[in-house]
């Protein structure tokens, strides 16, 4: 009686199959990791760009409403009186000149500039940007908003009542130059930092600003440490020597 031969895989064949399977699994795993890293990189860069545009829009809109008066026939000197109100996060910003609607500090605790501006609430439906969205409108009331960067690299807006709102994270530095109109033609003749404006008592002559913001990704987004030095309107910032991606936004 013939017995059927029982055939199977040899040890060598099993080892070859396991090796091929392992290589395929490693390849699939690498593709997955690379795809995830690429997605995270694109997502981080997209968020960085979005935050930068939003931050620049916020500062620009805030500056455009500086000096707004509920009564358009009222002069700046009558609408905006001297106000040593100690505004800003450290209560160290004042408006010491009649008609002054903008003030700033150069290089605070985070080595970033601080910008304060005054405006009045309108007599009709509010259309100005205010740090406190829940503020009850009072026609003609003078408000002060201050934009600054906190120690945790977040952009903040604080109003004259001390209501502080975090706006955007990942903002590491803000530099501002103020355009001073020295011949009263409403065109800036020079751009200087806040300390120089204060020393020359030129705040009422400020007609424009130049801004530079340094933003970073919230999570690590590059493989090598960031050793770059970033120039923000003549102020060098960095290197940071970390793995965050950064970009400078200017206007």
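In the numbering used here, the protein residues as written are -10 to 240.
Even for Gly, the Cβ is constructed at its ideal location relative to N, Cα and C.
From a predicted model like this one, the values you see are computed outputs, not experimental measurements.
Looking only at its chain, what residues have a beta carbon closer than 8 Å to the beta carbon of residue i, apart from the 5 residues adjacent to it on each side?
i, result
"residue 153", "78, 120, 145, 146 and 147"
"residue 38", "236"
"residue 127", "110"
"residue 172", "178"
Pop quiz: residue i and residue j are said to be a contact at Cβ under 8 Å. What is the actual Cβ separation, rounded to whole angstroms?
i, j, result
"residue 228", "residue 215", "7 Å"
"residue 83", "residue 72", "7 Å"
"residue 110", "residue 132", "6 Å"
"residue 161", "residue 205", "5 Å"
Can you tell me whether DSSP reads residue i as helix, strand or coil?
i, result
"residue 207", "coil"
"residue 73", "strand"
"residue 46", "helix"
"residue 195", "strand"
"residue 60", "coil"
"residue 24", "helix"
"residue 38", "helix"
"residue 65", "helix"
If I measure Cβ to Cβ from residue i and keep anything under 7 Å in the same chain, skipping five residues before and after, which residues do I get?
i, result
"residue 102", "93, 94, 95, 96, 163, 164, 165 and 183"
Can you pull the DSSP bridge partners for residue i?
i, result
"residue 220", "225"
"residue 12", "For residue 12, which the question treats as bridged, DSSP gives no partner whatsoever."
"residue 53", "Residue 53 pairs with nothing; no bridge assigned."
"residue 82", "76"
"residue 202", "163 and 238"
"residue 181", "167"
Just to confirm my understanding: we take residue i, look at its own chain, exclude 5 residues before and 5 after, and list those with CB closer than 6 Å. What are they?
i, result
"residue 69", "88, 90 and 107"
"residue 239", "201"
Report task. Pick out the complete beta strand (DSSP E) segments inside the stretch 92 to 178, 3 residues or longer, and give them in chain order. Result -> 103 to 109, 131 to 138, 143 to 148, 153 to 158 and 160 to 169
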